[in-house]
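Quick notes on the structure that follows.
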Amino acid sequence: MRFRPVMLLVMVVLAGCGSMPTLGTDSSPTETAPSAPNSQGTLTAPGGTDDPDIGRHNGYTHNQTLSIEATDGLNESEREAVVSRAMARVELVRGTDFKQDVSVDIRSRSEFKQGQETANVSESFQQFDNAKFEAMFLVGEGTNSLSTQSTSRGENVLGYYSNDEESIVIVSDSETPTLDGEKTLAHELTHALQDQHFNLSSYNKTTRDEYNAVNGLIEGEANLVQQRYMSLCSGEWNCLPNAESGGSTSPPDNWGVYLLDYFPYAEGLEFVTANQRQGGWDRVDELFSEPPETTEQVIHPETYDTDRPASVSLTDRNRNGWDRVHLDPEKRGATRPDHAVLGQSAMTVMFAQTAFDSYNRSEVVSRKAILNPSGDGSSNSLNYSLSATTGWNGDRLHVYEKNDKTGYVWKSNWDSSQNASEFADAYRALLSHWGGTKTGDGTWVIEDGPFADAFSLTVTDSTVVIVNAPTTEDLGDVRSEASNG
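The sequence shown begins at 71 in my numbering and counts up one residue at a time.
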């Protein structure tokens, strides 16, 4: 899937100070793309192979010029030619070949939005997801979290690869799209190549942290291939003009949900780039054999081989009519747990949301801590590594329900007591941002607003336990002795 980057104009208009870079996919390549012709004047595959079939597909070569006028869009035959040439180009950049053809379909944005409407889900699943996004302070009470996520995808997705259909869908406002200078095509064809070699449907993505971690590898590689592909469009290759804007000039409806979804594209690119520099595409192939387990490993590539997450245990201590929300087996599948693991990326977004929301002018972290407009030697325009979330070592969240009201217990482990204390300090500032006031030892209440509830916060050595309930009286029923953790 390729997400629409949000353009500089958005943040200039919204903020009046600071600036938002174009996100991720349109930044400069992190290292030189394959560019030097060999003695025969043709490019050799950067993956190190001299296979003559790589860089050729369906009779088209990677450096072939097509007699196409793309400004008015592409008809079906023109699109087939462009896709075949693009497949040859992706092969050359990635250094491996497609095993079969990939079909490309066009879907209008309105049609795509309709398809993103929330499907029928069980009440328990909706309760669980609502509470999870409420715990991240991204979607308030009374708002459907699944619909909010669907709306974000409907506005921002430019194209996607369907594992089930083994085909690409380009989302366009025109029946004859210009394919935005081949960026989306390069990105989605990389996903098709991944699926043909690694079977993308086989990866376990049962929690939010696993989902963003594995997608960091999948989207990170697609972004890297896309970058190198597009750099060749500036020199060796004749490419379609970038007639359609790849960025949005409108702010997301929900910045936090957007930033959570954008994580794999931003940090994933850095993760894959670091590993590809270390050991070439063979190293990336190895990652698909053992993908990252946590978003911490994606944010900090050096921890991939050394920092395994802790398995956080959480004993239910609910009482007085509060029941644990368990997902229906037929809805959750054989491996879908009925607890959440949110991870470092989600925790970072939870704090970052305060820099973008319009609730008040306070912020837990500044926009400068999140944005990387000038670059720090990386290609990443967003920073998900905050001091307050560094040192994450695992978390677990349980959701509870009573009379259509929900509460939750969220336990996190940290590498040190200092890390735990820093996270807790930031969380207290988060409660204050949303209108919370301290009412007792470790107890806070938010009286009004989208997150009006009671909260208990306990820090014990390197462990933090957060309890949420509708009232302070309910805190001890969601988790007995909540003030003691």
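Even glycine gets a Cβ: it sits at the ideal position worked out from N, Cα and C. Please read these numbers as outputs of a predicted model, since none were measured by experiment.
Worksheet item: From this set, K253, Q266, N483, Y332, which residue's C-alpha is nearest G413's C-alpha?
Response: Checked all of K253, Q266, N483, Y332; the closest Cα to G413 is N483.
Practice prompt. Report the three-state DSSP secondary structure of V160 (helix, strand or coil).
Written response: Helix.
Worksheet item: Based on Cα-Cα distance, which residue from P371, L208, Y130, E543 lies nearest to R155?
Response: Cα-wise, what sits closest to R155 is Y130.
Worksheet item: How long is the line joining the alpha carbons of R179 and S320, rounded to whole angstroms?
Response: Rounded to whole angstroms, R179 and S320 show a C-alpha spacing of 16 Å.
Discussion item. For a test of the three-state rule: what should DSSP assign to F525, helix, strand or coil?
Written reply: F525: strand per DSSP, three-state reduction.
Practice prompt. Kindly indicate which residue of E211, S491, E372 has the alpha-carbon position closest to the one of T459.
Written response: That would be S491, whose Cα lies nearest to the Cα of T459.
Discussion item. Let me confirm a value: E146 is counted as buried when at least 16 other C-beta atoms fall within 10 Å, else exposed. Which label applies?
Written reply: By the neighbour-count definition (other C-beta atoms within 10 Å, threshold 16), E146 is an exposed residue.
Discussion item. Between which two residues does the alpha helix (DSSP H) holding L263 run?
Written reply: From DSSP, the alpha helix (DSSP H) with L263 extends over 253 to 268.
Worksheet entry | Close Cβ partners of V241 (< 7 Å) along its chain, the five nearest in sequence each way excluded | Once the five neighbours on either side are set aside, the close Cβ partners of V241 are R177, R179, F182, V227, L228, G229.
Worksheet item: Between the stretch 250 to 258 and the stretch 294 to 310, do at least 3 Cβ pairs fall closer than 8 Å?
Response: A contact exists between the stretch 250 to 258 and the stretch 294 to 310.
Worksheet item: Thinking C-beta only, is V160 closer than 9 Å to V295?
Response: Yes, these two residues count as a Cβ contact at 9 Å.
Fill in: Helix, strand or coil at E471 [DSSP, three-state]
Residue state, collapsed to three classes: strand.
Worksheet item: Based on Cα-Cα distance, which residue from L456, E204, Q264, S415 lies nearest to L501?
Response: With distances taken between Cα atoms, L501 lies closest to E204.
Discussion item. Residues in the same chain with beta-carbon distance under 7 Å from L45, minus the five sequence neighbours each way, listed in chain order, please.
Written reply: Residue 45 is absent from the model: the chain starts at 71 and stops at 555.
Worksheet item: Helix or strand or just coil, what does DSSP make of I536?
Response: Looking at I536 - three-state DSSP - the assignment turns out to be strand.
Worksheet item: Based on the DSSP secondary-structure assignment, which residues constitute the bridge partners of N483?
Response: Per DSSP, T533.
Worksheet item: Can you list, in chain order, the residues of its chain whose CB lies under 6 Å from that of R353, leaving out five sequence neighbours each side?
Response: Around R353: N345.
Practice prompt. Within 10 angstroms of the Cβ of N453, are there 16 or more other Cβ atoms? Answer buried if so, exposed if not.
Written response: By the neighbour-count rule (16 or more Cβ atoms within 10 Å), N453 is buried.
Worksheet item: Can you tell which of G505, K481, R394, F521 has the C-alpha that lies nearest to the C-alpha of V469?
Response: Per the Cα distances, R394.
Worksheet item: From this set, A422, D427, A416, which residue's C-alpha is nearest L441's C-alpha?
Response: Nearest C-alpha to L441: A422.
Worksheet entry | Local Cβ density within 10 Å of P334, reported as buried at 16 or more and exposed below that | For P334, the number of other beta carbons within 10 angstroms of its own is at least 16, and it is reported as buried.
Worksheet entry | Proximity of V172 and E236 at Cβ, strictly below 9 Å | Yes, they are a contact pair.
Worksheet entry | N312 Cβ short of 8 Å to the ligand SAM heavy atom set | This structure lacks the ligand SAM, and indeed carries no ligand of any kind.
Practice prompt. Could you say which of D355, N285, S272 lies nearest to L339 if we only look at CA atoms?
Written response: In terms of CA proximity to L339, N285 leads the group D355, N285, S272.
Worksheet entry | Nearest-angstrom Cα separation, counted from V153 out to F521 | Between the C-alpha atoms of F521 and V153 there is a straight-line separation of about 48 Å.
Worksheet item: Using the beta-carbon count (16 or more within 10 Å), is T376 buried or exposed?
Response: So T376 ends up on the exposed side.
Worksheet entry | C-alpha gap between G117 and I138, whole angstroms | Model confidence at G117 stands at a pLDDT of 47, short of 50, so the residue's coordinates are unreliable and nothing is read from them.
Item to complete: Work out the CA separation of E211 and L330 for me, nearest whole Å.
Response: Computed Cα separation, rounded: 19 Å.
Discussion item. On the criterion of 16 or more Cβ atoms from any shown chain inside 10 Å, does D547 qualify as buried, or is it exposed?
Written reply: Around the beta carbon of D547, 16 or more other beta carbons lie within 10 angstroms, which makes this residue buried.
Discussion item. Can you give me the C-alpha to C-alpha distance between E337 and M300, rounded to a whole angstrom?
Written reply: Counting only the Cα atoms, M300 lies some 19 Å from E337.
Worksheet item: If you follow the alpha helix (DSSP H) that G338 is part of, which residue opens it and which one closes it?
Response: Residues 325 to 359.
Item to complete: Helix, strand or coil for Y231, going by three-state DSSP, please let me know.
Response: In the three-state DSSP reduction, Y231 falls in the strand class (E or B).
Discussion item. Pairs of beta-carbons, one from the stretch 356 to 364 and one from the stretch 267 to 281, closer than 8 Å: are there three or more?
Written reply: By the C-beta criterion, the stretch 356 to 364 is judged to be in contact with the stretch 267 to 281, since at least 3 inter-stretch pairs fall below 8 Å.
Worksheet entry | Neighbour-count burial assignment, D265, 16 or more Cβ in a 10 Å radius | Classification for D265: buried.
Fill in: Continuous alpha helix (DSSP H) stretch holding R223: start and end
For R223, the uninterrupted alpha helix (DSSP H) run begins and ends at 215 to 226, by DSSP.
Item to complete: Measure the beta-carbon distance from T542 to T507 and round it to whole angstroms, keeping in mind my assumption that it falls under 8 Å.
Response: Not confirmed; about 12 Å, so no contact.
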